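Visitor:
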Amino acid sequence: MTIPFTHIPSNLRTPLFFAEFDNSQANSASTPQRTLIIGQTLAESTLPADIPVLVSSAATAANLAGAGSMLHGQMTAYLANDTAGEVYLLPLSDADSMVAAIGKITVSSPASATGVISLYIGGIRVQTTVVATDDVSTIATALAAAIEAKAELPVTVVHTGDSVSDGAVLVLAAKNKGAHGNNIDIRLNYLGS
Numbered sequence: 005m006t007i008p009f010t011h012i013p014s015n016l017r018t019p020l021f022f023a024e025f026d027n028s029q030a031n032s033a034s035t036p037q038r039t040l041i042i043g044q045t046l047a048e049s050t051l052p053a054d055i056p057v058l059v060s061s062a063a064t065a066a067n068l069a070g071a072g073s074m075l076h077g078q079m080t081a082y083l084a085n086d087t088a089g090e091v092y093l094l095p096l097s098d099a100d101s102m103v104a105a106i107g108k109i110t111v112s113s114p115a116s117a118t119g120v121i122s123l124y125i126g127g128i129r130v131q132t133t134v135v136a137t138d139d140v141s142t143i144a145t146a147l148a149a150a151i152e153a154k155a156e157l158p159v160t161v162v163h164t165g166d167s168v169s170d171g172a173v174l175v176l177a178a179k180n181k182g183a184h185g186n187n188i189d190i191r192l193n194y195l196g197s
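For the sequence shown, position 158 (counting from the first letter as 1) is numbered 162 according to the working numbering, and the numbering increases by one without interruption.
(1) In three-state DSSP terms, what is residue 198?
(2) Measure the C-alpha to C-alpha separation of residue 75 and residue 179 and round it to an integer number of angstroms.
(3) Write down every uninterrupted run of the alpha helix (DSSP H) in the region 25-105 whose length is 4 residues or greater and which is fully enclosed by it, in chain order.
(4) Got a sec? Which residues, its chain only, sit under 8 Å from residue 70 by beta carbon, not counting five neighbours each side?
(5) Out of 11, 87, 136 and 63, point me to the one whose CA is closest to residue 155's CA.
(6) Distance check for residue 72 and residue 173, CA to CA, integer angstroms please.
(7) When the Cα atoms are used, what is the spatial distance from residue 9 to residue 35?
(8) Which runs of the alpha helix (DSSP H), 4 residues or longer, sit entirely within the region 98-181?
(9) CA-CA distance, residue 143 and residue 114?
(10) Looking at residue 177 and residue 106, is the spacing between their C-beta atoms short of 7 Å?
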C-alpha cells in the first residue's frame, strides 16, 4: 500500500527514517463559544429580568437594556475583544433598596485661553470647547451639555452650576443603582484632547 506524503518526495532513496505529520484533518469540528454577560438594566429597559437573551451588537444591547446601562457597557467592552462569539445577556433590575452613586465635578477657575476640555467618564471621552472669556458657570454648563449628549455614558447630570467658593459644581449620578457606581472613573485630559 502506498502512503502519499506532501513534503517527502516519492523519489527519495536515502536510507534514513523520514516522518511526516499531516494534521489537516485533525480537529476539524468547531465548538461554539458562548458567553453570558450578567448586568443591570435601566428602568426603561424592555428586557424581562432574569431571562437570558441572545444579542449580537452593542446597539441592540443599548436599545434593549438602555443606553449607558451596565449591560450596554459590558457588551461594548466584550465586543471590542470578540466580535464573533455568541453572546447572551442576563438582565438584572435595580433593587429598590439600592441608591445611585453621586459624583461631583468642580470647575474651579475660568478659562485663561481658548482650548478643548477632554473629560473621560468610564473611559469614554467627552469634549467641550472653551474660550478665554468663559467663566466657571459657562464651562460647567458646557460640560453638562456635552455629557448629556453622550447617551452611552454610565452617568447623567442631575445638577449644574451652583457657585460655591471653589467654583461651579456639576453633579453626576450613576444610571444604575448600587455600589459599583462609585468605581466609575472620571479623569480630566487623561489621554489628551
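Ideal Cβ positions, reconstructed from N, Cα and C, are used throughout, including at glycine. The model shown is predicted, which means the values in this text are computed figures rather than measured ones.
Guide: Once the coordinates are examined:
(1) Any question about residue 198 goes unanswered here, given that the chain covers just 5 to 197.
(2) 11 Å
(3) 62-69 and 74-83
(4) 45, 46, 47, 48, 49, 76 and 179
(5) Checking every option, the nearest Cα to that of residue 155 belongs to 63.
(6) 22 Å
(7) Rounded to the nearest angstrom, the two C-alpha atoms are 30 Å apart.
(8) Within the region 98-181, complete alpha helix (DSSP H) segments of at least 4 residues are found at 140-153, given in chain order.
(9) 8 Å
(10) yes
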